[in-house]
Amino acid sequence: MSASWLSRTLIFAGLVACLGSHAQIAAAADSVAPLAKDTSSHPRGQLSPDLSAALDACRTYVVTQADEFVRRTRAFVDAVKTGRLAEAKSLYAYARQPYERIEPVAALFGDIVKRMDVRADEFELRERDPAFIGFHRLEMSLFAEGTTAGLAEIAERLASDSTELQQRILATPISPTRMVGGASALIESIAATKISGEEERYSRTDLWDFQGNIEGSKAIFVLLRPLLEQDQEFVARVDRNYRRVEDVLSRYRAAGDFAPYDRLTSRDRNALKGPITLLAEDLSTLRARLNLD
Amino acid sequence: MTNRSRHLPGQIKLSRRHVLGVLGATSFAGYAGADDRTPSAGSDGTLEAQPFFGLHQSGIVTAQPAAALYCAFDVLAERPIELERLLRIVTERLGFLTKGGEPPATNPQLPPRGSGILGPVVFPDNLTATLSVGASLFDYRFGLATRRPLHLGAMERFQNDALDPSRCHGDLMLQLCSNTAETNIHALRDVIKNTAGLAAVRWKIEGFLPPHIVKTMGADTVRNMLGFKDGTANLDARNAALMDRYVWVGPERGEPAWTVGGSYQVVRIIRTMVERWDRTPLAEQEAIIGRHKGSGAPLGQTHDREDPGYEADPDGQRISLAAHIRLANPRLPETRDNLILRRSYNYSQGISASGQLDMGLLFVCYQADLVAGFVTVQNRLSGEQLEEYIRPVGGGYFFALPGIPDAGRYLGQSLLEAV
Ligand code: HEM
Numbered sequence: 001m002s003a004s005w006l007s008r009t010l011i012f013a014g015l016v017a018c019l020g021s022h023a024q025i026a027a028a029a030d031s032v033a034p035l036a037k038d039t040s041s042h043p044r045g046q047l048s049p050d051l052s053a054a055l056d057a058c059r060t061y062v063v064t065q066a067d068e069f070v071r072r073t074r075a076f077v078d079a080v081k082t083g084r085l086a087e088a089k090s091l092y093a094y095a096r097q098p099y100e101r102i103e104p105v106a107a108l109f110g111d112i113v114k115r116m117d118v119r120a121d122e123f124e125l126r127e128r129d130p131a132f133i134g135f136h137r138l139e140m141s142l143f144a145e146g147t148t149a150g151l152a153e154i155a156e157r158l159a160s161d162s163t164e165l166q167q168r169i170l171a172t173p174i175s176p177t178r179m180v181g182g183a184s185a186l187i188e189s190i191a192a193t194k195i196s197g198e199e200e201r202y203s204r205t206d207l208w209d210f211q212g213n214i215e216g217s218k219a220i221f222v223l224l225r226p227l228l229e230q231d232q233e234f235v236a237r238v239d240r241n242y243r244r245v246e247d248v249l250s251r252y253r254a255a256g257d258f259a260p261y262d263r264l265t266s267r268d269r270n271a272l273k274g275p276i277t278l279l280a281e282d283l284s285t286l287r288a289r290l291n292l293d
Numbered sequence: 001m002t003n004r005s006r007h008l009p010g011q012i013k014l015s016r017r018h019v020l021g022v023l024g025a026t027s028f029a030g031y032a033g034a035d036d037r038t039p040s041a042g043s044d045g046t047l048e049a050q051p052f053f054g055l056h057q058s059g060i061v062t063a064q065p066a067a068a069l070y071c072a073f074d075v076l077a078e079r080p081i082e083l084e085r086l087l088r089i090v091t092e093r094l095g096f097l098t099k100g101g102e103p104p105a106t107n108p109q110l111p112p113r114g115s116g117i118l119g120p121v122v123f124p125d126n127l128t129a130t131l132s133v134g135a136s137l138f139d140y141r142f143g144l145a146t147r148r149p150l151h152l153g154a155m156e157r158f159q160n161d162a163l164d165p166s167r168c169h170g171d172l173m174l175q176l177c178s179n180t181a182e183t184n185i186h187a188l189r190d191v192i193k194n195t196a197g198l199a200a201v202r203w204k205i206e207g208f209l210p211p212h213i214v215k216t217m218g219a220d221t222v223r224n225m226l227g228f229k230d231g232t233a234n235l236d237a238r239n240a241a242l243m244d245r246y247v248w249v250g251p252e253r254g255e256p257a258w259t260v261g262g263s264y265q266v267v268r269i270i271r272t273m274v275e276r277w278d279r280t281p282l283a284e285q286e287a288i289i290g291r292h293k294g295s296g297a298p299l300g301q302t303h304d305r306e307d308p309g310y311e312a313d314p315d316g317q318r319i320s321l322a323a324h325i326r327l328a329n330p331r332l333p334e335t336r337d338n339l340i341l342r343r344s345y346n347y348s349q350g351i352s353a354s355g356q357l358d359m360g361l362l363f364v365c366y367q368a369d370l371v372a373g374f375v376t377v378q379n380r381l382s383g384e385q386l387e388e389y390i391r392p393v394g395g396g397y398f399f400a401l402p403g404i405p406d407a408g409r410y411l412g413q414s415l416l417e418a419v
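Here you go:
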């Protein structure tokens, strides 16, 4: 897996060069869209060349995933709009996965994310709230109600939101702390809402999101790993805990699909809690280990 | 009852415990890594400390402070060596938390080591931390099956129970009691952070008692959510002989040798239907319990510490044969073995789906023999009229580990090293 990320890094090496300095585009985007709210800022100039290069590679990873997200969401939305129920259902979790890989970066654009990925229990009116749109609204109709009827507008909005997200990511510089912090933020997201299985309550595709979060976290870690060479014990421990999570997930994977989340035994759920908590604790020290703050 | 009014012996016992506490603290100070600086003196109770080391764990016969927190854990460790590491870490943390001190400074680039909710210097605040093990710890994972305490099993369902699986059982139970909720929460968060990957919280509940009554050290009695004094006829925890007979597992019980000095712990989350109770006539409330609501005296008597006098009332004219206190303890020669040490708290948390108050009794009791104690008493209570007003919804059976003499040992060591 890490090999393919690295090769992507190389493929997009050219792109990185242009992405490094997009301040003008960012300024332009800010005039139309709310500013990404990020308290951390770090003058790029103070970073070592190695760290700078690794962060560029992280950025490339994020951009690649955002592109993939747009593509998959388009296919999903088309299936919904043309009433192909079975296909729409099968594309649902697949479309979300690239988004789950870059969730902490996407979270910089809260206005879009709150439309695309909001859950019914964030509203007092729950499912009946007209502001309940996005992925989970579609999920509810597709999986709980078994219909694509009346979803065209919500689906199209999702597609255009995914494109807007992609554009905003392209136009916004991502601070080093935000980027590095993504590795632990994705694990925090698992610890808070994935272990419980509350995210994909109608489709039970939580393990897809779970996998996406882990992949995204690990992608960043792998790209930063060369800079942590003096910390062999730490690196080995983090690697081991990623592997422990992957081992459990792989047991629930067959023919390119994940088993429904309710199939997860309480024993395996516990087997996930251990390495997830350890990853959360360890990765919370990543910024300090890279001397970022 | 009567020994409650004998204040002098109680006080002597207390001061003896105090001496033990000082000794315990001294031995802890010699422990590598422990910070010996203690906070400056004050009289607000924050510096009150209970011993952590001793023959028995604190928090069982210790006078109840105002705040309690019960947290059940699943052990995530998969091998005996990891379980040992978990128990060592928990022991080290609890030793520190019950004594207090200044944690080592943190590099500001790193997350702080503790939650900081007690401020930069941790104060003991009367904290006791009592660690117990559940039946599930003795399953296939750690090779402990043959060392299970004889009566320890998963808590069974009694007829009035509506057990919620998300609030039942656990491999470990951590009882935290102190003067304030914050101190318990501080301790819990410390333990959770330091046992990452080794244990996961399974369920948790907090309880409280009125501080002004707690401060009377037994001279007055707390009331539960039904408005009745609760604890009047309890065993006197300051009477060491009584505790040896009814609470502590001794060598004579035929239990695995490692259990000596421990005790069976029962935790029951019992919801009380308080709206309905408040719509029940006073006389009926009193008949159901068997005591006067105001004074706490047995029906027909004037003082709460008076004997209910069942011999003079064989047919239950004064105190119904079905009254809670009469069923719980008929005070017959043949029921003398069923005495238990109750150590309950009140709880209150949100409302039910129907909009009624979700509150009740966080019932806790300790006994040397689970079957002769809680199980027998509960079976006698089954079908009591009080059941219309109460609903046990969670809890579990646990075994409170024996105490450890000093920081050279860890809680549960006798269990892990038993053969
Ligand atoms: C919400 C549930 C309960 C309520 C409201 C309640 C209430 C009371 C009250 C008001 C008393 C009289 C005061 C006293 O002596 O402490 C009492 C006594 C007692 N209760 Fe409970 N109780 C509850 C549950 C239980 C349970 C589950 C047990 C044990 C299985 C139990 C065992 C006893 C015993 C042994 C006594 C002392 C009887 C005596 O020695 O005279 N109670 N309870």
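Taken in sequence, the protein lines are chains A and B. The opening position of the first sequence corresponds to residue 1 in UniProt numbering, with each subsequent residue numbered one higher. The opening position of the second sequence corresponds to residue 1 in UniProt numbering, with each subsequent residue numbered one higher. For every residue, glycine included, the Cβ atom is placed at its ideal position computed from N, Cα and C.
Chain A within 8 Å of residue i, Cβ atoms only
| i | result |
| --- | --- |
| residue 107 of chain B | yes |
| residue 45 of chain B | no |
| residue 76 of chain B | yes |
| residue 36 of chain B | At residue 36 of chain B the pLDDT is 38, less than 50, meaning the model places this residue with poor confidence and gives no usable figure here. |
| residue 243 of chain B | no |
Distance CB(residue i)-CB(residue j) smaller than 8 Å
| i | j | result |
| --- | --- | --- |
| residue 278 of chain A | residue 224 of chain A | no |
| residue 286 of chain A | residue 184 of chain A | yes |
| residue 357 of chain B | residue 222 of chain B | no |
| residue 225 of chain B | residue 361 of chain B | yes |
| residue 328 of chain B | residue 380 of chain B | yes |
Straight-line Cα distance separating residue j from residue i
| i | j | result |
| --- | --- | --- |
| residue 220 of chain A | residue 172 of chain B | 36 Å |
| residue 157 of chain B | residue 163 of chain B | 7 Å |
| residue 121 of chain A | residue 138 of chain B | 39 Å |
| residue 257 of chain B | residue 74 of chain B | 25 Å |
| residue 274 of chain A | residue 319 of chain B | 54 Å |
| residue 25 of chain A | residue 173 of chain A | Confidence at residue 25 of chain A is low in this model, with a pLDDT of 34, below 50, so the placement of that residue should be treated as unreliable; the coordinate-derived value is given next. In a straight line, the C-alpha of residue 25 of chain A is about 10 Å away from that of residue 173 of chain A. |
| residue 108 of chain A | residue 386 of chain B | 56 Å |
| residue 391 of chain B | residue 198 of chain A | 28 Å |
| residue 413 of chain B | residue 91 of chain A | 53 Å |
| residue 156 of chain A | residue 77 of chain A | 7 Å |
| residue 209 of chain B | residue 228 of chain A | 51 Å |
| residue 269 of chain A | residue 161 of chain A | 33 Å |
| residue 207 of chain A | residue 267 of chain A | 16 Å |
| residue 105 of chain A | residue 45 of chain B | 48 Å |
| residue 199 of chain B | residue 181 of chain A | 25 Å |
| residue 395 of chain B | residue 122 of chain B | 30 Å |
| residue 423 of chain B | residue 70 of chain B | Since the first residue of chain B shown is 1 and the last is 419, residue 423 of chain B is not available in this structure. |
| residue 35 of chain B | residue 239 of chain A | Reliability fails at residue 35 of chain B, whose pLDDT of 36 lies under 50, so the model's placement of it is uncertain and the value that follows must be treated cautiously. So the two alpha carbons sit approximately 34 Å from each other. |
Chain B contact for residue i (CB, 8 Å cutoff)
| i | result |
| --- | --- |
| residue 198 of chain A | no |
| residue 293 of chain A | yes |
| residue 192 of chain A | no |
| residue 130 of chain A | no |
| residue 273 of chain A | yes |
| residue 285 of chain A | yes |
| residue 277 of chain A | yes |
| residue 188 of chain A | no |
Spatially closest choice to residue i from the options, by CA coordinates
| i | options | result |
| --- | --- | --- |
| residue 63 of chain A | A/168, A/205 and A/266 | A/168 |
| residue 179 of chain A | A/273, A/60, A/140 and A/111 | A/60 |
| residue 112 of chain A | A/159, A/196 and A/266 | A/159 |
| residue 272 of chain A | B/64, B/47 and B/78 | B/78 |
| residue 382 of chain B | B/160, B/122 and B/54 | B/160 |
| residue 164 of chain A | A/204, A/235 and A/74 | A/74 |
| residue 204 of chain B | B/363, B/288, B/198 and B/167 | B/167 |
| residue 135 of chain A | A/248, A/240 and A/114 | A/114 |
| residue 417 of chain B | B/143, B/89, B/132 and B/96 | B/143 |
| residue 281 of chain B | B/293, B/266 and B/272 | B/293 |
| residue 334 of chain B | B/297, B/272, B/188 and B/376 | B/376 |
| residue 298 of chain B | B/279, B/276, B/323 and B/314 | B/323 |
Next item on the list: Taking a Cβ distance cut-off of 9 Å, strictly less, list which residues of the region 222 to 239 of chain B are near chain A, in chain order.
Entry: Only those residues of the region 222 to 239 of chain B whose C-beta falls short of 9 Å from the nearest C-beta of chain A would be listed, and there are none.
Check: In the region 89 to 115 of chain B, which residues sit with their C-beta less than 9 Å from some C-beta in chain A, listed in chain order?
Finding: 107, 108, 109, 110 and 111
Checklist line | Residues in the region 197 to 223 of chain B having any Cβ partner in chain A nearer than 9 Å | finding: 197, 198, 199 and 200
Check: When you check each C-beta in the region 209 to 232 of chain A against every C-beta of chain B, which residues fall closer than 8 Å?
Finding: none
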